[in-house]
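Enquirer: Mind looking over this structure? Questions follow.
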Amino acid sequence: MKTKKISISQNSLVYNYLPSDYSDSFECNFISSKDIRPDDVQIAFWTTKPIWIDWLLHLRTILVKPFGIKSDINDYADNLRECLINGISYKYIPAISKSNDETVTCNVDKHLTFYLSIIVRKGEENKKSVIATTLVNFHNLLGRCYFFVIYPFHNILVRVMLKYLVKKIR
């Protein structure tokens, strides 16, 4: 199972939030007979991760707290699931756009705004793909500095998380 970097689809909901200061999109293809929805992947993305990523995110939470950057989503999968399905904000993760195959969440703080789109595409013979798209808009210098520091980790984490989530949900 491989993840590959792809272009953002002009037919996606998240395309409506462009232009942005930063954008990327990664796709992971797999085989599954399960009915997988984008909400399921969004929920897993925010609540299920390898322990080493949990440690990194905990360290990040400690480091960014003095700067007023929001962080620290805890594992409240049931509440998050209900909110995403109903289009209600959960903590600071509102579902801002939804279709049958895509859910877009958005996180706004005083330093930056980021969007996470999850698209689930279904093909023939149980072939599926999950596409994760990230858009980031900076509000100030601190937002740019913060993203500059996390950028090297971002690409690695998104690829690892996609593979990890696909293994968990398929």
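Just so you know, we're using the numbering used here here: the sequence shown kicks off at 2 and counts up by one.
Don't be surprised by glycine CBs; every beta carbon is placed ideally from N, CA and C.
Being a predicted model, the structure only gives us computed values, none of them experimental.
Secondary structure at Leu-14, three-state DSSP: helix, strand or coil?
Expert: Against the sequence shown, residue 14 aligns to sequence position 13. Reduced to three states, the DSSP call for Leu-14 is coil.
Enquirer: Since Phe-46 and Ile-119 are thought to touch, with beta carbons under 8 Å apart, how far apart are those beta carbons, to the nearest angstrom?
Expert: Against the sequence shown, residue 46 aligns to sequence position 45. Against the sequence shown, residue 119 aligns to sequence position 118. Indeed, because the Cβ distance is near 7 Å, the residues count as touching under 8 Å.
Enquirer: Check Thr-1 in the structure and name its three-state DSSP category.
Expert: The requested residue 1 does not occur in the structure, where the chain is confined to residues 2 to 171.
Enquirer: Give every residue of the same chain whose Cβ lies closer than 8 Å to the Cβ of Asn-30, excluding the five residues on either side of it in the sequence, and list them in chain order.
Expert: Position 29 of the sequence shown, counting from 1, holds the residue named residue 30. So the list reads Met-2, Lys-3, Lys-128, Lys-129, Ser-130, once near-sequence residues are dropped.
Enquirer: For Phe-154, is the classification buried or exposed, using 16 other Cβ atoms within 10 angstroms of its Cβ as the cut-off for buried?
Expert: For this step, residue 154 is matched to residue 153 along the sequence shown. So Phe-154 ends up on the exposed side.
Enquirer: Rounded to whole angstroms, what is the Cα-Cα separation between Ala-133 and Ile-44?
Expert: Sequence index remark: in the sequence shown, residue 133 carries index 132 (1-based). Sequence index remark: in the sequence shown, residue 44 carries index 43 (1-based). Distance between the alpha carbons of Ala-133 and Ile-44 is about 13 Å.
Enquirer: Between the Cα of Asp-25 and those of Lys-50, Ile-157, Lys-66, Asp-55, spot the shortest distance and give me the residue it belongs to.
Expert: For the purposes of this step, residue 25 is taken as the residue at position 24 of the sequence shown. Comparing Cα-Cα distances from Asp-25 to each of Lys-50, Ile-157, Lys-66, Asp-55, the minimum goes to Ile-157.
Enquirer: Helix, strand or coil for Ile-32 per DSSP?
Expert: The residue given as residue 32 occupies position 31 in the sequence shown. Ile-32: strand per DSSP, three-state reduction.
Enquirer: Would you kindly report the start and end of the unbroken alpha helix (DSSP H) that includes Ile-156?
Expert: Indexing the sequence shown from 1 puts residue 156 at position 155. Rather than Ile, the amino acid found at residue 156 in this sequence is Asn. Element bounds for Asn-156: 142-170.
Enquirer: What does the Cβ neighbour count give for Phe-115, buried or exposed, with the cut at 16 atoms within 10 Å?
Expert: Stepping through the sequence shown from its first residue, residue 115 is reached at position 114. Under this definition Phe-115 is a buried residue.
Enquirer: Looking at C-alpha atoms only, which residue of Met-162, Asn-101, Ile-170, Ile-97 is the closest neighbour of Val-109?
Expert: Start at 1 with the first residue of the sequence shown, and residue 109 comes out as number 108. Comparing Cα-Cα distances from Val-109 to each of Met-162, Asn-101, Ile-170, Ile-97, the minimum goes to Ile-97.
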